Ligand SMILES: [Zn+2]
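In our numbering, the protein residues as written are 230 to 381.
Right, dumping it as structure tokens:
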């Protein structure tokens with residue numbers, strides 16, 4: 230089933246996981262998770278695609294609990310609910326991408342993740358979206374700790 234979530238994004242891209250395929254884990258989202266992924270595609274991924282005009286798929290989107298635990302992520306991760314994506318754009322630094330998201334989109338939580346200070350291409354951008362009560366929280370995870378804001 231090829232389900233389109235927005236103009237350029239399909240459900241399969243937001244559910245695919247090499248780890249799940251390799252280990253034979255079922256990573257099928259439920260209806261609530263699919264609706265959350267649709268909101269992420271429409272409010273986060275598609276505006277990024279339209280702005281940069283670069284095709285991309287998120288490196289991680291929905292992660293069922295089994296997959297999420299294997300990846301040593303917390304059970305409370307928004308990936309489990311289908312509310313978060315990890316993104317990198319070819320040729321665009323993660324610092325630039327995160328800065329653009331911060332300044333142009335509505336989001337719940339934006340993290341410059343596993344970033345190395347002084348290396349703008351390092352790590353990746355984690356971004357979540359929820360319809361209600363968005364926190365608009367911006368963090369950098371570098372040197373094994375979270376800091377407020379985007380740290381270059
Ligand atoms: Zn993430």
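Don't be surprised by glycine CBs; every beta carbon is placed ideally from N, CA and C.
Please read all numbers here as calculations on a predicted model, not as lab measurements.
- Counting only residues of its own chain and dropping the five nearest sequence neighbours on each side, residue 289 has a CB closer than 6 angstroms to the CB of 315.
- Around the beta carbon of residue 293, 16 or more other beta carbons lie within 10 angstroms, which makes this residue buried.
- Leaving aside the five residues that flank residue 261 on each side, none in its chain has a CB nearer than 6 angstroms to its CB.
- Ranked by how close their Cα comes to the Cα of residue 259, the residues 299, 303 and 308 have 308 in first place.
- Between the segment 315 to 324 and the segment 332 to 339, the count of C-beta pairs closer than 8 angstroms stays below three; the two stretches do not touch.
- The C-beta distance from residue 343 to residue 370 rounds to 6 angstroms, short enough to fall under 8 angstroms.
- In this chain, the beta strand (DSSP E) harbouring residue 376 covers 374 to 377.
- Per the C-alpha coordinates, the member of 239, 301 and 305 positioned closest to residue 269 is 239.
- Counting along the chain, the unbroken alpha helix (DSSP H) around residue 265 starts and ends at 260 to 269.
- Listed in chain order, the non-local C-beta contacts of residue 364 below 7 angstroms within the same chain comprise 337 and 338, local neighbours out to five positions each way being set aside.
- Assignment of residue 280 by DSSP, reduced to helix, strand and coil, places it in the helix class.
- Taking all protein chains shown into account, residue 283 has fewer than 16 neighbouring C-beta atoms within 10 Å of its C-beta and is therefore exposed.
- Scanning the segment 317 to 343 for uninterrupted alpha helix (DSSP H) segments of 4 residues or longer gives 323 to 333, listed from N- to C-terminal end.
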